[in-house]
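Chains as they are written, first to last, in our numbering: chain V, 55 to 168; chain Y, 4 to 115.
The beta carbon of each residue, even a glycine, is placed where N, CA and C say it ideally should be.
Note that the coordinates shown come from a computational prediction; the quantities given were computed from them, not determined experimentally.
This report concerns only the one structure given below.
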């Protein structure tokens, strides 16, 4: 089955530690995205990548970093510089350029930093 | 700039009631419009989409019509079920960089 895998589903870290969230897709999609979702709020775009070895900042990139070394993988690192990292993180992908192309989402990772 | 406005929730309905969740947008050009659904603790799933004016998207009994004259894409279902309880997001894609512009989501609770 094709899809997007995010692991782990729940992640706990101590304040001051960096943590990397995994996102893998086997849909052969060009574009990948990372979103953050907080309770009662919509989705906010952190980073996105339209092609391998290229990525752009979204609306809330501060305190986060990404890499896109392979088409199928787009890991997100939450650094200690992120002031409020506890949130639900969603990874998505889309197949190609065009306004009609929807995004496909993974199941999400819930990160708790204490 | 591009934006999406959804009606605020939560919306609470009884089973078999009629559902409308309003969504209006502001965009340049000719965006595509989407409705996504998020069940508790899960990622988002595409519910339906429309790519041009007067298109009607439909899926699982849900429908939405792309109305350019009113810049709207309201979600409707004739008879909701308890299993429809979820958060619904309206989104648009203006196509320039593949980014989706999201509404804040509307929580729906359906009681038996």
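Under three-state DSSP, which class holds residue i?
{"i": "residue 134(V)", "result": "coil"}
{"i": "residue 86(Y)", "result": "helix"}
{"i": "residue 120(V)", "result": "strand"}
{"i": "residue 58(V)", "result": "strand"}
{"i": "residue 78(V)", "result": "strand"}
{"i": "residue 14(Y)", "result": "strand"}
{"i": "residue 107(V)", "result": "coil"}
{"i": "residue 140(V)", "result": "coil"}
{"i": "residue 94(Y)", "result": "strand"}
{"i": "residue 146(V)", "result": "strand"}
{"i": "residue 104(Y)", "result": "strand"}
{"i": "residue 21(Y)", "result": "coil"}
{"i": "residue 159(V)", "result": "strand"}
Check the C-beta distance from residue i over to residue j and give it rounded, since I have them as a contact under 8 Å.
{"i": "residue 58(V)", "j": "residue 158(V)", "result": "6 Å"}
{"i": "residue 92(Y)", "j": "residue 41(Y)", "result": "7 Å"}
{"i": "residue 55(Y)", "j": "residue 39(Y)", "result": "The Cβ separation is near 19 Å, so there is no contact."}
{"i": "residue 78(Y)", "j": "residue 5(Y)", "result": "Going by Cβ atoms, the distance from residue 78(Y) to residue 5(Y) rounds to 19 Å, so no, they are not a contact pair."}
{"i": "residue 8(Y)", "j": "residue 27(Y)", "result": "5 Å"}
{"i": "residue 165(V)", "j": "residue 132(V)", "result": "7 Å"}
Where does the unbroken beta strand (DSSP E) through residue i begin, and where does it stop?
{"i": "residue 113(Y)", "result": "109-114"}
{"i": "residue 60(Y)", "result": "59-62"}
{"i": "residue 85(V)", "result": "85-91"}
{"i": "residue 6(Y)", "result": "6-9"}
{"i": "residue 166(V)", "result": "163-167"}
{"i": "residue 66(V)", "result": "64-67"}
{"i": "residue 114(V)", "result": "Careful: residue 114(V) lies outside any beta strand (DSSP E) and carries neither H nor E."}
With a threshold of 6 Å, establish whether the CB of residue i neighbours any heavy atom of the ligand FAD.
{"i": "residue 44(Y)", "result": "Only the bare structure without any ligand can be found here, which leaves the ligand FAD out of the picture."}
Figure out for me which residue from the options has the closest Cα to the Cα of residue i.
{"i": "residue 126(V)", "options": "168(V), 86(V) and 71(V)", "result": "86(V)"}
{"i": "residue 44(Y)", "options": "89(Y), 107(Y), 104(Y) and 63(Y)", "result": "89(Y)"}
{"i": "residue 118(V)", "options": "60(V), 72(V), 167(V) and 63(V)", "result": "72(V)"}
{"i": "residue 82(Y)", "options": "13(Y), 65(Y), 107(Y) and 54(Y)", "result": "65(Y)"}
{"i": "residue 120(V)", "options": "62(V), 66(V) and 76(V)", "result": "76(V)"}
{"i": "residue 52(Y)", "options": "35(Y), 63(Y) and 97(Y)", "result": "35(Y)"}
{"i": "residue 107(Y)", "options": "74(V), 136(V) and 95(V)", "result": "95(V)"}
{"i": "residue 137(V)", "options": "79(V), 68(V) and 104(V)", "result": "68(V)"}
{"i": "residue 147(V)", "options": "167(V), 102(V) and 110(V)", "result": "102(V)"}
Completely contained alpha helix (DSSP H) runs for the region 30-83 of chain Y, where each covers 4 or more residues: Restricted to the region 30-83 of chain Y, not a single alpha helix (DSSP H) segment is unbroken, complete and at least 4 residues in length.
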